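Trainee: Below is one structure. I have some questions about it.
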Amino acid sequence: MQQVLDNLKDLPSGTGAKDIDLIFLKGIMESPIVRSLAKAHERLEDVKLKAVRDDNVQLVTEILDSLNNLPEKDAAVAELAKILQEPHFKSLIEAHDKVASKCYEMPHAAVNSDASKTSSLMPADAVRMIGIQKKAGEPLGVTFRVERGEMVITRILHGSSIDRQGMLHTGDIIREVNGREVGSNPHELQELLRDCSGSITLKVLPSYRDTPPPPQVRKEEAVYLKPHFNYNPATDNLIPCKEAGLAFFKGDILHVVNKEDPNWWQARKVVGGATGLIPSQFLEEKRKAFVRRDWDASGMLCGTQTTKKKKKKMMYLTSKNAEFDRYELQIYEEVAKMPPFQRKTLVLIGAQGVGRRSLKNRLIVMNPLRYGTTVPFTSRRAREEERDGQNYCFVTREQMEKDIKESRYLEHGEYDGNLYGTKIDSIHEVVDAGRTCILDVNPQALKVLKTAEFMPFVVFIAAPELDTLRAMHKAVIDAGLTTKLLTENDLKKTVDESARIRRAYSHYFDLTIVNDNLDKAFDKLQEVVERLFIEPQWVPVSWVY
C-alpha cells in the first residue's frame with residue numbers, strides 16, 4: 001500500500017489521470033479506515049500455524065522409556081533425559097497439547113452452596129486506598145451518580161487525568177476523599193475534587209466489572225463530526241455534569257472518541273483541548289424534534305372557544321421543497337479530512353438583490369481560466385440581436401418540458417409564459433473544462449448539489465441591516481450605476497428573505513459573508529476560495545468513501 005502511495009507521488013502527467021482523481025485516491029488510501037482494512041486483510045492472509053500433533057506428553061513418555069532401555073548411556077543421553085523430566089519443560093508440553101487440541105475452557109471450580117447468598121457482599125479488605133495526582137484547576141474527567149446511597153463512577157472521560165493514570169474504573173464506589181466522607185451529593189463531590197490539587201487519596205470500593213484495557217492501548221474510532229448547532233453545557237439541564245461538557249459552535253470539527261452512552265458521547269475538538277461530553281445524535285434529535293401544537297391552550301382568552309386547526313397532509317413534491325425543508329432536522333454531519341483540491345462548483349446563495357450576480361461576474365472576469373458559469377436555457381424566442389448560447393440557450397417548450405420531466409434541470413421556473421432553467425449537463429461541461437463552475441441558484445437546489453457529483457463550496461451572501469442596505473442602494477443610485485429604484489418594502493423583503501434562508505439552509509453553508517460593502521465582500525470571498533487550493537478541507541464522508 002505504501003508502494004502505491006509512493007508511485008502516486010511520482011506519477012507522470014502523461015498518464016491521462018485527472019489531478020482531482022489522484023488527490024481523492026491518495027486521500028482514500030491515507031485514511032485510517034482504509035489502512036485498518038488493509039491491516040485486517042494482511043492478518044487474514046497470514047498463514048496459520050498448525051500443530052503437528054497434540055499428544056506430545058505421550059511422546060515424551062515414550063522417549064523416556066526408550067532412553068531407560070538403552071544398554072549404554074552416555075552424557076548426552078543423561079542430559080536429554082534430565083531436560084525431558086524438568087517440571088518447566090513438562091508444563092510447556094502440556095500447555096502445547098491443550099492449545100493444539102483447542103482445550104481453552106477453565107476447569108470448573110467447586111461451587112459453595114452459600115456463594116450466591118454472599119457474592120453480593122463485598123469483604124471489608126476489598127476497600128482500597130488510591131492515590132492520584134491532580135493539577136490545580138484541572139478537571140479530573142469523571143462523572144458520578146448515586147446508587148443505593150453510594151457514590152458510583154458512571155463514566156471516565158477519554159484522555160482525562162483519571163483515564164491516563166488508570167487507577168479508577170467505571171462502577172467503582174468512592175467512599176472518602178482525603179479522609180473526608182463524600183456523602184450522597186454528586187455536585188458536592190465534584191466541587192470537592194475541583195478544589196483539590198497535588199496528591200489526592202481516595203477510599204474506593206472497586207467494582208467487580210471487567211477492568212478495561214489500559215489507556216495507552218485503547219483503540220480510537222476515527223469518527224469526525226461537524227455539528228450544525230451551537231452547544232453550551234452550562235445551559236443544558238440534561239447533562240449529568242456541566243463541568244464535564246464540551247462547548248462548541250456550529251461548524252466546529254469534533255473527534256468522537258467514545259459512543260458507548262446512547263445519550264452522551266465523548267469528543268474533543270480537532271484544534272485541541274480536553275475531551276468532554278456532547279449530546280448524542282439520538283438525544284439531540286429528541287430535543288429538536290418537538291413540534292408545537294397547532295394551537296396553544298395557554299394563549300386562549302377566558303370564555304372563548306377555539307377549534308383545533310386541521311392538519312394538512314400532502315405527498316412530497318419537488319415544487320413543495322421549501323415547505324418540507326422547514327421540518328428537516330440537521331444535528332451532526334460526519335466528515336473526513338482531504339488534502340487541498342479544486343472544488344467542482346462554487347455556489348452563491350442569498351436573497352434577491354443581495355449582490356450574488358455581481359460577485360460571480362467579478363470572479364469570472366478576474367480569472368476566466370479558473371472560473372466559469374452556465375448559460376441558462378429558455379423556451380422563449382430569441383430576439384434579433386441575441387445569439388444562441390451567448391446569454392441564453394434557446395430551445396422549444398416541448399423539448400424543455402421533456403428534459404424537465406427527465407430531471408435534466410437543476411432548477412427551472414416560468415416567467416411571462418416562458419420557461420427558464422439551469423441544465424445539469426451545462427455544469428458538467430464547465431467542470432470537464434477544468435474550471436470551477438460558479439452558480440447563483442435558489443437554496444432548494446442545495447439538496448441536489450451537496451453531493452460528490454458536484455463537490456460544492458457553498459457561500460451564503462447575507463443581507464446587511466435594513467439601514468445599511470438602504471444607504472448602499474442610495475449610493476448606487478447617486479453614482480448612476482443603476483436606474484432601478486427599490487422601495488422601502490423591497491428592501492425590507494430582501495432582509496426578511498435573507499433571514500429566512502439562513503434559518504432553513506444554514507446547515508449547507510461552508511461560509512457566510514455579510515454584504516455590507518461589495519468590495520470587502522469580494523475580497524473575503526476571493527481569499528477563502530484561494531485557500532481551498534492550499535489548505536486541507538473537511539468534506540462530507542460520503543464524498544470520500
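Note that the UniProt record's numbering has the sequence shown beginning at 1, numbered continuously upward. For every residue, glycine included, the Cβ atom is placed at its ideal position computed from N, Cα and C. In this text, all values refer to a predicted model and were calculated from it rather than measured experimentally.
1. For S199, which three-state DSSP category applies?
2. Tell me whether the stretch 453 to 465 and the stretch 497 to 513 touch, counting them as touching only if at least three CB pairs, one residue from each stretch, are closer than 8 Å.
3. R357: buried (16+ other C-beta within 10 angstroms of its C-beta) or exposed?
4. Once you ignore the five residues that flank G468 on each side, which residues in its own chain have a CB closer than 6 Å to its CB?
5. Roughly how many angstroms separate the alpha carbons of I83 and K102, rounded to a whole number?
6. Assuming I200 and V177 are in contact, meaning their beta carbons sit under 8 Å apart, how far apart are those beta carbons, in whole angstroms?
7. Give a yes or no on contact between the stretch 339 to 350 and the stretch 445 to 456, applying the rule of three or more CB pairs nearer than 8 Å.
8. List, from N- to C-terminal side, the alpha helix (DSSP H) runs of 4 residues or more that fit wholly inside the UniProt domain "PDZ" (129 to 208).
9. Can you list, in chain order, the residues of its chain with a C-beta nearer than 7 Å to that of Q390? Leave out the 5 residues immediately preceding and following it.
10. With H, G and I counted as helix, E and B as strand and the rest as coil, what does DSSP make of S116?
11. What does a CB cutoff of less than 6 Å around S498 pick up in its chain, not counting 5 residues either side in sequence?
12. Alpha carbon to alpha carbon, what distance is there between N361 and A475?
13. Which of the three DSSP states, helix, strand or coil, is assigned to Q537?
14. Which class does Q352 belong to by DSSP, given the choice of helix, strand or coil?
15. CB S426 to CB M400, shorter than 8 Å?
16. Compare the beta carbon distance of E335 and Y231 with 8 Å and say whether it is the shorter of the two.
17. In three-state DSSP terms, what is G245?
18. Within the continuous beta strand (DSSP E) that includes I278, where are the two ends?
19. Considering F457, what are the terminal residues of the beta strand (DSSP E) in which it resides?
20. Taking only the alpha-carbon atoms, compute the straight-line gap between L359 and N367 and give it to the nearest angstrom.
21. Excluding sequence positions up to five away, which residues of its chain have a Cβ less than 7 Å from the Cβ of I534?
22. Check the C-beta distance from I151 over to L189 and give it rounded, since I have them as a contact under 8 Å.
23. Using the rule of at least 16 other Cβ atoms within 10 Å of the residue's Cβ for burial, across every protein chain shown, is M1 buried or exposed?
24. Buried or exposed: which applies to L449, given that a residue is buried once 16 or more other Cβ atoms fall within 10 Å of its Cβ?
25. Given a cut-off of 8 Å on the beta-carbon distance, is the pair G242 and I253 in contact?
26. Check this for me: beta carbons of F144 and I132, under 8 Å apart or not?
27. Starting from the C-beta of I93, find all residues in its chain whose C-beta is less than 8 Å away, skip the five residues before and the five after it, and write them out in chain order.
28. Looking at the structure shown, is H473 part of a helix, part of a strand, or coil, going by DSSP?
29. Considering only the alpha carbon of each residue, which of L346, G355, E385, C393 lies closest to R370?
30. So with Cβ pairs under 8 Å, would you call R500 a contact of chain B?
31. Could you compute how far the alpha carbon of K320 sits from the alpha carbon of Q444?
32. According to DSSP, is L525 part of a helix, a strand, or is it coil?
33. Once you ignore the five residues that flank D54 on each side, which residues in its own chain have a CB closer than 6 Å to its CB?
34. Taking its Cβ as the centre, do 16 or more other Cβ atoms sit within 10 Å of Y332, making it buried, or is it exposed?
35. Taking only runs that begin and end inside the stretch 335 to 383, name each unbroken beta strand (DSSP E) of 3 or more residues, in chain order.
36. Going along the chain, which residues of its own chain have a beta-carbon closer than 8 Å to the beta-carbon of Y505, five neighbours each way excluded?
Mentor: Taking the structure as given:
1. strand
2. yes
3. exposed
4. For the record, residue 468 in the displayed sequence is Thr; it is not Gly. Answer for T468: D516, listed in chain order.
5. 26 Å
6. 7 Å
7. yes
8. 161 to 165, 186 to 195
9. none
10. Confidence at S116 is low in this model, with a pLDDT of 42, below 50, so its placement is unreliable and no value can be given for it.
11. A351, A462, A463
12. 20 Å
13. strand
14. coil
15. no
16. A quick correction: the sequence has Val, not Glu, at residue 335. No, the Cβ-Cβ distance between V335 and Y231 is not below 8 Å.
17. strand
18. 276 to 279
19. 456 to 462
20. 13 Å
21. P340
22. Strictly speaking, residue 151 in this sequence is Met, with Ile absent from that position. Indeed they touch by this definition, with Cβ atoms about 6 Å apart.
23. exposed
24. buried
25. According to the sequence provided, residue 242 is Lys. The question's Gly does not apply to it. In this structure, I253 does not lie closer than 8 Å to K242 by Cβ.
26. no
27. N56, V57, V60
28. helix
29. L346
30. Reference to chain B is not applicable here, since this structure consists of a single protein chain.
31. For K320, the predicted model reports a pLDDT of 47, less than 50, meaning its position is unreliable; a value from the coordinates is still stated below. Roughly 10 Å between the two C-alpha positions.
32. helix
33. D97, A100, S101
34. buried
35. 345 to 350
36. D325, I349, P443, L446, F460
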